[in-house]
Amino acid sequence: MTAQPDYVTVEMLVALSKYLRLTNYIGASQLYLKDNFLLEEELRKEHIKERILGHWGTVPGLNFIYACLNIVLQHHRQEMMFIAGPGHGYPALLANLFVEGSLGEYYPEYRHSRSGFEKVIRNFSWPSGFPSHSNPETPGAIHEGGELGYALSTAFGAAFDNHGLIVACVVGDGEAETGPTATAWHSTKFLNPARDGAVLPIVHINQYKISGPTIYGTMTEEELTLLFRGYGYDPVIVSGDMLYEPMLKALDDAVQKIHAIQERARIGNLEDRPRFPVILLVSKKGWTGPKEYKGMPIEDSFRSHGIPLEHVHDDDVQFNILKEWLESYNIRELLDDSFEPIAEIKDLIPDSDLRMGMTKHGNGGRIRRPLELPDLKTLELAIEQPGKTKASNMGKLGEYLRDTLRGNPHTFRVMSPDETESNKMHALFEVTKRGYMWPVPHGSENIGPDGRVMEILSEHTLQGWLQGYLLTGRHGIFISYEAFMMIVASMVDQYVKFLTQMDNISWREPVPSMNIVLTSTAWRQDHNGFSHQNPGFISSVLDDQSNKINVHFPADANMLIATMEECFNSTNVVNVIVTGKRDLPQYMTVAEAREHISRGINRWQWAGNSDTDPDVVFAASGDYATFEALAAIKLLKEHAPELHTRFVNVSELTCFGIGDNNNMSRITLDGFRELFTADREIIYTYHGYPEDIKHLIFNHPDARRFHIRGYSEHGTTTTPFDMQVVNKTDRYHLALEAIDYACAHNNELLARRGEAEEYFKSMLKKHEEYIVQHGVDIPEVREFKL
6 MTAQPDYVTV
16 EMLVALSKYL
26 RLTNYIGASQ
36 LYLKDNFLLE
46 EELRKEHIKE
56 RILGHWGTVP
66 GLNFIYACLN
76 IVLQHHRQEM
86 MFIAGPGHGY
96 PALLANLFVE
106 GSLGEYYPEY
116 RHSRSGFEKV
126 IRNFSWPSGF
136 PSHSNPETPG
146 AIHEGGELGY
156 ALSTAFGAAF
166 DNHGLIVACV
176 VGDGEAETGP
186 TATAWHSTKF
196 LNPARDGAVL
206 PIVHINQYKI
216 SGPTIYGTMT
226 EEELTLLFRG
236 YGYDPVIVSG
246 DMLYEPMLKA
256 LDDAVQKIHA
266 IQERARIGNL
276 EDRPRFPVIL
286 LVSKKGWTGP
296 KEYKGMPIED
306 SFRSHGIPLE
316 HVHDDDVQFN
326 ILKEWLESYN
336 IRELLDDSFE
346 PIAEIKDLIP
356 DSDLRMGMTK
366 HGNGGRIRRP
376 LELPDLKTLE
386 LAIEQPGKTK
396 ASNMGKLGEY
406 LRDTLRGNPH
416 TFRVMSPDET
426 ESNKMHALFE
436 VTKRGYMWPV
446 PHGSENIGPD
456 GRVMEILSEH
466 TLQGWLQGYL
476 LTGRHGIFIS
486 YEAFMMIVAS
496 MVDQYVKFLT
506 QMDNISWREP
516 VPSMNIVLTS
526 TAWRQDHNGF
536 SHQNPGFISS
546 VLDDQSNKIN
556 VHFPADANML
566 IATMEECFNS
576 TNVVNVIVTG
586 KRDLPQYMTV
596 AEAREHISRG
606 INRWQWAGNS
616 DTDPDVVFAA
626 SGDYATFEAL
636 AAIKLLKEHA
646 PELHTRFVNV
656 SELTCFGIGD
666 NNNMSRITLD
676 GFRELFTADR
686 EIIYTYHGYP
696 EDIKHLIFNH
706 PDARRFHIRG
716 YSEHGTTTTP
726 FDMQVVNKTD
736 RYHLALEAID
746 YACAHNNELL
756 ARRGEAEEYF
766 KSMLKKHEEY
776 IVQHGVDIPE
786 VREFKL
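The sequence shown begins at 6 in our numbering and counts up one residue at a time.
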């Protein structure tokens, strides 16, 4: 390592100062100016925006980091991506993208010119202009940074399998207090320098949040060093009054350290505990901004976090401070006669293909390649008669993902929080391992540096990894216990917002779909109890209005792998697939499953006993729900043969033509009534909260006919079947309800109603007594066959 990079000259440092004056001026002016953008006349209040919006405090630090990265990456010819954790520092991103020319490459109106300069300032936080935070409109961006905590994990996701890429990730000291960031620091333990890229974290410690100090801002340099060494990093602190040279040296050393680790790994010398660098930059919040107002500090205080001077229209003192502040940058010295940055500044801008705003990884859809998916016929579970064969849906999915990994060894990963084997995915370990770099305890199994199953007991970190991986053009799947996906419900919602905005950006190409499998579902959490019984994630995504989310309920193994095939071939959406892991009856061939999921809804003619004139229609979404509905139908055939039934399976909720505008024509009202009849009562057994379906059908003309049974927050540690009974989704309650509705127009059934009901009531009573005495379900349930 050199004492000081020999390419850093005095002239370069002077140019760096001018670059920062330019980007800081643009960043500050974006907050305030709607006219007189070059201060060609004396600033007046009418030049100032009526609504002064945005954040200043982090902007100068981001400008400084970006500029220094440009110098170092240009020297090393290093491909870099920039992720700004503090997305509210968007004025800095816009300023740098404008100066380097990337913004103008995507939006010609923002090319270097008087007009482009004025527009980039005026249009910040302006209707039909730029929003206040980073977003998909931003060249090179894959992270918004509004809801804090996800920058670091997203950066590592982008680095996985991108062996030539360094992701420079700025983590604000406020964001560093979040739980997701705390766990994401461990991501280096999963990063294989022989095949992956690297992440260069830059912790921006400006010591303050909105109105108080940050935790890192109260820690000594020794404490910070020990903290990050404990995380497994090689920390370098950059602080003091003169930051230019120390920061350039720190960045140059960091790139060299990363290259050295990678070079050793790529010739077979893989280190046990490679210590990647992290830079801790301590700078003033609101650096170069107003020093004080009425004796109260602004620069280097929490008062510079947002708008440092909020009342410039009404307060002459504040207005004069603003005027002096903007004039201090001497903007006209920094632009030539064509209103382009002067030559000294341009010399600091990387070559076209190295500009961070132009990285190909920032538009992952352009480098996306379809997956090589397995032939479903080679994995098909043989079905001789519906309902007679039992198998684990998740076990079959494990085989499907095994073959998907085999066909896509460098572009596909499986994310799972310590649940791969619990969720019956053993087949994955026939072709890969759990990915992990550090030494592991004796007796650990299926784990190693080359593994592609990513296990960490942090749903936030896994979700961030997956987002970074997908947005840079690769493919993956997240498999989780159903209850604990709620941990990242808001994170998924933020990702969907990103996808939704992408649709309106012409240069953004579609990225691979996000696929989330919810398993170990509430209905078989009878052993873990109430805390593990929560289908709320489904409700959360169904509330979304973006039409970017599809929720699938495959009823059996063949339908599950056919659903996954459809999901992996989709783009720019989130697919949620809900399935159990226990052995359940199997119903469909692959061909039948594909036909079914093409519509998302279908009548199973073999299940009911009246194809033309049923007394009641059973419907179900979910594998356990389907089984109980079919069990009720079978028992009714035996104990109330006069009752005519029909069964409809709903594998995708949006098939009703509500809740997903892209599928409005999937089923018309006539088509709906062909399935459900025009007037019969519908007993709908649903996997999740009944309110999900109630919301979807609220405006449907036939909503009154729906009687929805689902998880109603009743549960404990009990028997599997008791979970159904306490929520009234079991076969006996469903049968009793069907008898009640059918008697309204079936006189033959009405004549022997009491006899029919007695059997089902007696079975419920027997169940209640038996489980207390024996601790297991009644034989009639345990030995039941369709």
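Virtual Cβ for every residue (Gly too), placed ideally from N, Cα, C.
Contact under 8 angstroms by Cβ, residue i with residue j
| i | j | result |
| --- | --- | --- |
| I70 | L286 | yes |
| Q499 | E152 | yes |
| L4 | A708 | With the chain represented from 6 up to 791, any question about residue 4 goes unanswered, as that position is not in the structure. |
| V583 | H712 | no |
| V579 | P346 | no |
| A645 | L755 | no |
| T576 | S518 | yes |
| F542 | M491 | yes |
| W61 | G294 | yes |
| T466 | S192 | yes |
| P282 | Y238 | yes |
Residue of the options minimising C-alpha distance to residue i
| i | options | result |
| --- | --- | --- |
| N574 | G481, D697, A494, L102 | G481 |
| N520 | L565, R513, Q538 | L565 |
| S525 | E487, I783, M496 | E487 |
| E435 | P422, N451, T594, L231 | N451 |
| L21 | E226, Y249, I242, I484 | Y249 |
| T650 | L739, E600, E718 | L739 |
| G456 | M224, R200, P302 | R200 |
| I207 | G541, W190, P218 | W190 |
| Q35 | Q323, F632, G311 | G311 |
| L157 | V176, A624, G66 | V176 |
| S421 | S463, G392, K586, K382 | S463 |
| Y24 | N335, P540, R513 | N335 |
| R604 | F161, V655, E570, K365 | V655 |
| G469 | L58, D380, A160 | A160 |
| F503 | H537, R439, N552 | N552 |
| E643 | Y694, P282, L658, G613 | G613 |
| T690 | P91, F652, L648 | F652 |
| N533 | S717, E657, T721 | T721 |
| A747 | I284, R418, R710 | R710 |
| I461 | E297, T631, S495, A187 | A187 |
| E338 | L275, R26, I284 | R26 |
Where residue i falls, given that 16 or more other Cβ within 10 Å makes a residue buried
| i | result |
| --- | --- |
| W292 | buried |
| I272 | exposed |
| F703 | exposed |
| I350 | buried |
| I303 | buried |
| D675 | exposed |
| S670 | Only weak support is given to the placement of S670: the predicted model assigns it a pLDDT of 42, under 50, and the question is left unresolved by the model. |
| K790 | exposed |
| G664 | Because the pLDDT at G664 is just 38, under 50, the model does not fix this residue reliably, and the point stays unresolved. |
| V322 | exposed |
| D277 | exposed |
| G403 | buried |
| W611 | exposed |
| L433 | buried |
| D620 | buried |
| P379 | buried |
| P784 | exposed |
Near the ligand GDP: residue i beta-carbon under 7 angstroms from a heavy atom
| i | result |
| --- | --- |
| F122 | You won't find the ligand GDP in this model; it holds no ligand whatsoever. |
Residues sharing a beta bridge with residue i, DSSP
| i | result |
| --- | --- |
| M519 | V579 |
| M564 | The partner list for M564 (beta bridge, DSSP) is empty, contrary to what the question assumes. |
| E84 | L170 |
| S536 | Per DSSP, none; premise fails for S536. |
| M420 | M459, F483 |
Residue i at chain D interface by Cβ criterion, 8 angstroms
| i | result |
| --- | --- |
| I242 | Among the protein chains of the structure shown there is no chain D, as only one such chain exists. |
Task: Segment contact, 8 angstroms Cβ cut-off, at least three pairs: the stretch 103–117 with the stretch 384–402 - done: no
TODO: Report yes or no: do the stretch 161–171 and the stretch 72–86 share at least 3 C-beta pairs separated by less than 8 angstroms?
DONE: yes
Open item on the list: Using a Cβ distance threshold of 8 angstroms, determine whether the stretch 143–163 contacts the stretch 94–102, with at least three qualifying pairs required.
Closed with: yes
Task: contact_flag[the stretch 442–449, the stretch 128–135] where n(CB pairs < 8 angstroms) is 3 or more - done: no
Open item on the list: Three Cβ pairs or more, each shorter than 8 angstroms: is that satisfied between the stretch 721–741 and the stretch 626–641?
Closed with: yes
TODO: May I ask you to verify whether the stretch 460–480 touches the stretch 357–374, counting CB pairs closer than 8 angstroms and requiring at least 3?
DONE: yes
Open item on the list: Can you confirm whether the stretch 45–57 touches the stretch 225–236 when touching is taken to mean that 3 or more C-beta pairs between the two stretches lie within less than 8 angstroms?
Closed with: no
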